[in-house]
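Note that this note's numbering has the sequence shown beginning at 30, numbered continuously upward. Ideal Cβ placement from N, Cα and C applies to all residues, glycine included. Note that the structure is a prediction, hence the values are computed from the model and not measured. Working notes, structure below.
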Amino acid sequence: MIMSLSFSQIGRTYPDGHGNRVFFPFSDISFADEVVSFKVGNPAPIDGVGPENVIGIPDYDDAKSNNYCTLGYGGELIVKFTDNVLYDIEGPDLFILEIGPLTEPVDVFISQDSDDWVSVGRTGGGFSSIDIAEYVEKTDVFRYVKVIDIKGKKSGKWPGADIDAIGAIGSSVNFQLNASVSFDTGKSTLKETSKELTDMAEKTGFL
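Below is the structure:
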(Lines of atoms letter the chains of each structure in order from A and count residues from 1; the text may use other names and numbers.)
(Lines give C-alpha, C1' and ligand atoms only; values in the text may rest on other atoms or scores of the structure.)
Protein backbone atom coordinates (compact mmCIF):
# COMPACT_ATOMS: atom_id res chain seq x y z
CA MET A 1 0.00 0.00 0.00
CA ILE A 2 1.27 3.45 -0.88
CA MET A 3 0.41 5.79 1.93
CA SER A 4 -0.86 9.31 1.35
CA LEU A 5 -1.20 11.19 4.63
CA SER A 6 -1.35 14.75 5.79
CA PHE A 7 0.52 14.75 9.06
CA SER A 8 -1.43 17.78 10.19
CA GLN A 9 -4.36 15.39 10.63
CA ILE A 10 -2.65 13.48 13.45
CA GLY A 11 -4.60 13.65 16.70
CA ARG A 12 -8.24 14.70 16.76
CA THR A 13 -11.30 14.47 19.00
CA TYR A 14 -14.59 12.99 17.83
CA PRO A 15 -18.18 13.08 19.17
CA ASP A 16 -19.29 9.92 20.94
CA GLY A 17 -23.01 10.37 20.24
CA HIS A 18 -23.78 11.28 23.85
CA GLY A 19 -22.49 14.83 24.12
CA ASN A 20 -18.88 13.90 24.89
CA ARG A 21 -15.73 13.74 22.80
CA VAL A 22 -12.86 11.26 22.62
CA PHE A 23 -9.31 11.76 21.38
CA PHE A 24 -7.78 9.45 18.77
CA PRO A 25 -4.02 9.99 18.24
CA PHE A 26 -4.14 8.89 14.57
CA SER A 27 -7.24 10.85 13.61
CA ASP A 28 -9.44 9.43 10.82
CA ILE A 29 -7.06 6.52 10.22
CA SER A 30 -8.06 5.08 13.61
CA PHE A 31 -11.46 3.82 12.49
CA ALA A 32 -12.63 0.61 10.82
CA ASP A 33 -12.26 0.59 7.04
CA GLU A 34 -14.16 -2.43 5.77
CA VAL A 35 -17.17 -4.59 6.60
CA VAL A 36 -16.17 -8.26 6.54
CA SER A 37 -19.55 -9.74 7.42
CA PHE A 38 -22.89 -8.86 8.97
CA LYS A 39 -25.56 -11.17 10.38
CA VAL A 40 -28.61 -9.17 11.33
CA GLY A 41 -30.36 -10.34 14.48
CA ASN A 42 -33.92 -11.55 14.91
CA PRO A 43 -36.02 -9.54 15.27
CA ALA A 44 -34.27 -7.21 12.85
CA PRO A 45 -34.65 -3.42 12.85
CA ILE A 46 -37.64 -2.21 10.85
CA ASP A 47 -35.59 0.23 8.78
CA GLY A 48 -32.74 -2.22 8.13
CA VAL A 49 -29.94 0.25 8.89
CA GLY A 50 -26.88 -1.15 7.11
CA PRO A 51 -23.41 -2.18 8.38
CA GLU A 52 -21.58 0.11 5.95
CA ASN A 53 -22.58 3.00 8.20
CA VAL A 54 -20.10 1.82 10.83
CA ILE A 55 -17.16 2.42 8.49
CA GLY A 56 -15.09 5.53 9.00
CA ILE A 57 -15.32 8.27 11.59
CA PRO A 58 -18.25 8.66 14.03
CA ASP A 59 -20.80 10.84 12.28
CA TYR A 60 -24.08 10.31 14.08
CA ASP A 61 -26.58 13.10 13.51
CA ASP A 62 -30.03 13.26 15.11
CA ALA A 63 -31.34 14.82 11.93
CA LYS A 64 -30.41 11.73 9.89
CA SER A 65 -31.76 8.20 10.18
CA ASN A 66 -29.26 6.17 8.17
CA ASN A 67 -25.77 6.88 9.49
CA TYR A 68 -25.41 4.06 12.01
CA CYS A 69 -25.89 0.30 12.09
CA THR A 70 -28.54 -1.47 14.17
CA LEU A 71 -27.39 -5.04 14.82
CA GLY A 72 -30.80 -6.50 15.55
CA TYR A 73 -31.48 -8.80 18.48
CA GLY A 74 -28.37 -11.02 18.73
CA GLY A 75 -26.84 -9.58 15.53
CA GLU A 76 -23.15 -9.90 14.66
CA LEU A 77 -20.82 -7.51 12.83
CA ILE A 78 -17.18 -8.02 11.79
CA VAL A 79 -15.06 -5.10 10.57
CA LYS A 80 -11.45 -4.77 9.43
CA PHE A 81 -8.72 -2.16 9.80
CA THR A 82 -6.84 -1.91 6.49
CA ASP A 83 -4.56 1.12 6.92
CA ASN A 84 -3.82 0.57 10.60
CA VAL A 85 -3.66 -2.19 13.20
CA LEU A 86 -4.91 -2.53 16.77
CA TYR A 87 -2.51 -3.31 19.58
CA ASP A 88 -2.19 -2.91 23.35
CA ILE A 89 -1.12 0.43 24.81
CA GLU A 90 -1.45 1.86 28.30
CA GLY A 91 -5.15 2.38 29.01
CA PRO A 92 -8.11 1.88 26.62
CA ASP A 93 -7.27 0.44 23.20
CA LEU A 94 -10.57 0.00 21.38
CA PHE A 95 -13.76 2.06 21.29
CA ILE A 96 -17.24 0.93 20.28
CA LEU A 97 -19.27 4.09 19.77
CA GLU A 98 -22.97 3.40 20.18
CA ILE A 99 -25.79 5.91 19.90
CA GLY A 100 -29.35 6.28 21.09
CA PRO A 101 -31.03 6.78 24.47
CA LEU A 102 -31.41 3.01 24.97
CA THR A 103 -27.89 1.65 24.59
CA GLU A 104 -27.35 -2.09 24.48
CA PRO A 105 -24.06 -3.78 25.43
CA VAL A 106 -22.16 -6.02 23.00
CA ASP A 107 -19.60 -8.79 23.39
CA VAL A 108 -16.33 -7.82 21.69
CA PHE A 109 -13.75 -10.06 20.01
CA ILE A 110 -10.52 -9.29 18.10
CA SER A 111 -8.51 -11.33 15.62
CA GLN A 112 -5.33 -11.23 13.59
CA ASP A 113 -6.74 -13.26 10.70
CA SER A 114 -10.55 -13.42 11.17
CA ASP A 115 -10.27 -17.15 11.98
CA ASP A 116 -9.03 -17.27 15.56
CA TRP A 117 -10.85 -14.86 17.88
CA VAL A 118 -9.93 -13.46 21.29
CA SER A 119 -12.74 -12.38 23.60
CA VAL A 120 -11.86 -9.00 25.14
CA GLY A 121 -14.95 -8.32 27.20
CA ARG A 122 -18.26 -6.54 26.94
CA THR A 123 -19.15 -2.91 26.49
CA GLY A 124 -21.42 -1.14 28.91
CA GLY A 125 -23.49 0.68 26.30
CA GLY A 126 -23.04 4.18 24.95
CA PHE A 127 -19.49 5.44 24.66
CA SER A 128 -17.57 2.31 25.61
CA SER A 129 -13.89 1.49 25.76
CA ILE A 130 -12.06 -1.82 25.88
CA ASP A 131 -8.60 -2.38 27.37
CA ILE A 132 -7.20 -5.51 25.70
CA ALA A 133 -4.13 -5.77 27.97
CA GLU A 134 -5.22 -8.78 30.01
CA TYR A 135 -6.14 -10.79 26.92
CA VAL A 136 -3.16 -10.34 24.57
CA GLU A 137 0.61 -10.07 24.40
CA LYS A 138 2.27 -6.68 23.99
CA THR A 139 3.65 -7.73 20.59
CA ASP A 140 0.29 -8.89 19.20
CA VAL A 141 -1.41 -6.87 16.47
CA PHE A 142 -4.97 -7.24 15.24
CA ARG A 143 -6.93 -6.19 12.14
CA TYR A 144 -10.39 -7.57 12.85
CA VAL A 145 -13.06 -6.67 15.39
CA LYS A 146 -16.28 -8.61 15.97
CA VAL A 147 -19.22 -7.31 18.00
CA ILE A 148 -22.23 -9.41 18.98
CA ASP A 149 -25.44 -8.04 20.47
CA ILE A 150 -26.04 -9.84 23.78
CA LYS A 151 -29.83 -10.04 23.37
CA GLY A 152 -30.63 -7.57 26.08
CA LYS A 153 -33.79 -5.51 26.27
CA LYS A 154 -35.78 -5.45 23.04
CA SER A 155 -36.27 -1.80 22.13
CA GLY A 156 -39.20 -1.44 19.78
CA LYS A 157 -38.42 -0.74 16.13
CA TRP A 158 -34.64 -0.92 16.54
CA PRO A 159 -33.68 -4.01 18.58
CA GLY A 160 -30.00 -4.55 19.31
CA ALA A 161 -27.05 -2.21 19.62
CA ASP A 162 -26.94 0.91 17.40
CA ILE A 163 -23.30 1.40 16.41
CA ASP A 164 -21.92 4.57 14.85
CA ALA A 165 -18.22 3.67 14.58
CA ILE A 166 -15.44 1.37 15.81
CA GLY A 167 -12.03 2.90 16.45
CA ALA A 168 -8.59 1.83 17.67
CA ILE A 169 -6.78 4.23 19.97
CA GLY A 170 -4.06 1.62 20.49
CA SER A 171 -3.07 1.81 16.85
CA SER A 172 -0.17 1.74 14.45
CA VAL A 173 -0.34 2.94 10.85
CA ASN A 174 0.93 1.12 7.79
CA PHE A 175 3.55 3.41 6.28
CA GLN A 176 5.31 2.75 2.97
CA LEU A 177 6.94 5.29 0.67
CA ASN A 178 6.72 4.77 -3.07
CA ALA A 179 10.28 4.21 -4.35
CA SER A 180 9.63 6.23 -7.50
CA VAL A 181 8.69 9.19 -5.33
CA SER A 182 11.29 8.68 -2.63
CA PHE A 183 14.43 8.32 -4.73
CA ASP A 184 15.87 10.22 -7.68
CA THR A 185 16.30 8.06 -10.79
CA GLY A 186 19.52 6.06 -10.64
CA LYS A 187 20.43 7.30 -7.15
CA SER A 188 20.29 5.65 -3.74
CA THR A 189 19.74 8.81 -1.68
CA LEU A 190 16.32 9.96 -0.55
CA LYS A 191 14.77 13.00 -2.16
CA GLU A 192 14.60 15.89 0.28
CA THR A 193 10.79 15.85 0.46
CA SER A 194 10.71 12.13 1.13
CA LYS A 195 13.38 12.46 3.81
CA GLU A 196 11.28 15.11 5.52
CA LEU A 197 8.26 12.80 5.45
CA THR A 198 10.32 9.93 6.84
CA ASP A 199 11.72 12.07 9.65
CA MET A 200 8.24 13.29 10.50
CA ALA A 201 6.87 9.75 10.47
CA GLU A 202 9.55 8.62 12.89
CA LYS A 203 8.81 11.48 15.27
CA THR A 204 5.09 10.76 15.27
CA GLY A 205 5.42 7.00 15.62
CA PHE A 206 4.53 6.00 12.05
CA LEU A 207 7.93 4.32 11.51
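query	result
8 Å contact criterion, which residue 136 and residue 148 should meet: CB distance rounded	7 Å
Paired residues, beta bridge with residue 191 - DSSP	99
Distance between residue 58 and residue 177 (C-alpha atoms, nearest Å)	24 Å
According to DSSP, residues forming a beta bridge with residue 173	109 and 140
Under 8 Å between C-beta atoms of residue 195 and residue 125	yes
Sequence-distant residues of its chain with Cβ nearer than 7 Å to residue 150 (five each side left out)	137 and 159
Collapsed DSSP secondary structure at residue 49 in the structure displayed	coil
Local Cβ density within 10 Å of residue 199, reported as buried at 16 or more and exposed below that	buried
Residue 135 - DSSP class collapsed to helix/strand/coil	strand
CB contact flag (residue 61, residue 110, <8 Å)	yes
Per-residue DSSP class, three states only, for residue 40	coil
Burial state of residue 120 (16 or more Cβ within 10 Å)	exposed
Segment limits, beta strand (DSSP E) that includes residue 237	Because the chain in this structure spans residues 30 to 236, residue 237 falls outside the shown range and cannot be described.
CA-to-CA distance, residue 102 to residue 72, given in whole angstroms	6 Å
Burial state of residue 50, where buried means 16 or more other Cβ atoms lie within 10 Å	exposed
Rounded C-alpha distance that separates residue 128 from residue 169	30 Å
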